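Heads up: the structure comes next, in structure tokens.
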Amino acid sequence: MMMDWMVKMSSEKTLNEGLQGNDLRGHIKNIVSVDQYKSKLGDDKNVIVLAFKIRDKFPAQDLSQFLESALKLLDVDISPGPDKEKYYSVYVEIERNSNSYATIQRLLDDTSRLDDEIGDWMFTSYENKMPQPWSEEAFNKSVISNAYDYEIKHNPEAAQIAERMKFLNNY
Numbered sequence: 030m031m032m033d034w035m036v037k038m039s040s041e042k043t044l045n046e047g048l049q050g051n052d053l054r055g056h057i058k059n060i061v062s063v064d065q066y067k068s069k070l071g072d073d074k075n076v077i078v079l080a081f082k083i084r085d086k087f088p089a090q091d092l093s094q095f096l097e098s099a100l101k102l103l104d105v106d107i108s109p110g111p112d113k114e115k116y117y118s119v120y121v122e123i124e125r126n127s128n129s130y131a132t133i134q135r136l137l138d139d140t141s142r143l144d145d146e147i148g149d150w151m152f153t154s155y156e157n158k159m160p161q162p163w164s165e166e167a168f169n170k171s172v173i174s175n176a177y178d179y180e181i182k183h184n185p186e187a188a189q190i191a192e193r194m195k196f197l198n199n200y
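In terms of the numbering used here, the sequence shown opens at residue 30 and continues consecutively.
What follows is the structure, given as structure tokens:
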């Protein structure tokens, strides 16, 4: 299949000509992982990691470069090899804060322009391993977007301290 978005040079290097609408058609899986991977750069209480599944190495590299230029992101990285289904993962790290949903929505919107076959986005999360339709309500039920709440939920020691502080405040 001839791919107009990539010119393969004789030296085995690739030259990306810049992605345009539908350049990654048929390569992007419509299920994105949210908050199921550990952050490479920061503390998990401050970072949400997304993972897009992309068929083939070069489209994964192209998506990675595209996303890096799309928004202010903490990091974008590609898995070293494909999974059992021959998909590469493109990991995106964003800040865990009150704008997390809007940031992810923008990433999904921008990514949808590269593949009009995606249709509706689905996502899995730490709390929900089964894919569910992407929506703000589902995101808010499944993903903790506040560092304090994340720490309380995932650190038993922090939860105990919070309970003691709550007791002392009510005393």
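Virtual Cβ for every residue (Gly too), placed ideally from N, Cα, C. Note that the structure is predicted; figures quoted are calculated from it, not measured.
Listed in chain order, the alpha helix (DSSP H) runs fully inside the segment 47-134 are 86-99, counting runs of at least 4 residues. For Val-63 against Leu-79, the beta-carbon gap comes to about 6 Å, under 8 Å, which counts as contact. Taken atom to atom, the span from the alpha-carbon of Ile-57 to that of Asp-91 is near 11 Å. The closest CA to that of Leu-136, considering only Ile-83, Asp-73, Gly-71 and Glu-97, is found on Glu-97. With distances taken between CA atoms, Thr-132 lies nearest to Ala-99 out of Ala-99, Phe-81 and Ile-181. Counting C-beta pairs closer than 8 Å gives three or more between the segment 66-78 and the segment 110-125, which meets the contact rule.
Per DSSP, the continuous alpha helix (DSSP H) segment holding Ser-171 begins and ends at 165-171. Inclusion of Ile-60 and Phe-152 in the CB contact set at 8 Å is warranted, their separation being smaller than that value. For a cut-off of 8 Å, the C-beta gap from Lys-115 to Arg-84 is around 6 Å, short enough to register as a contact. Secondary structure note for Glu-180: its alpha helix (DSSP H) is the uninterrupted segment 176-183. With contacts defined as CB atoms closer than 8 Å, Asn-126 and Ser-174 qualify as a contacting pair.
With a beta-carbon spacing of about 5 Å, Ser-171 and Glu-156 fall inside the 8 Å limit used to define contacts. Apart from sequence neighbours up to five positions away, the residues of its chain that approach Ser-129 with a beta-carbon distance below 6 Å are Ile-77 and Ser-174, ordered along the chain. DSSP places Met-151 inside the beta strand (DSSP E), whose first and last residues are 151-154. With contacts defined by Cβ atoms closer than 8 Å, Phe-87 and Ser-118 do not form a contacting pair. In chain order, Tyr-117 place their CB closer than 6 Å to the CB of Pro-111, counting only its own chain and leaving out the 5 sequence neighbours on each side. Sorting Gln-94, Val-105 and Ser-93 by C-alpha distance to the C-alpha of Leu-70 places Val-105 at the top.
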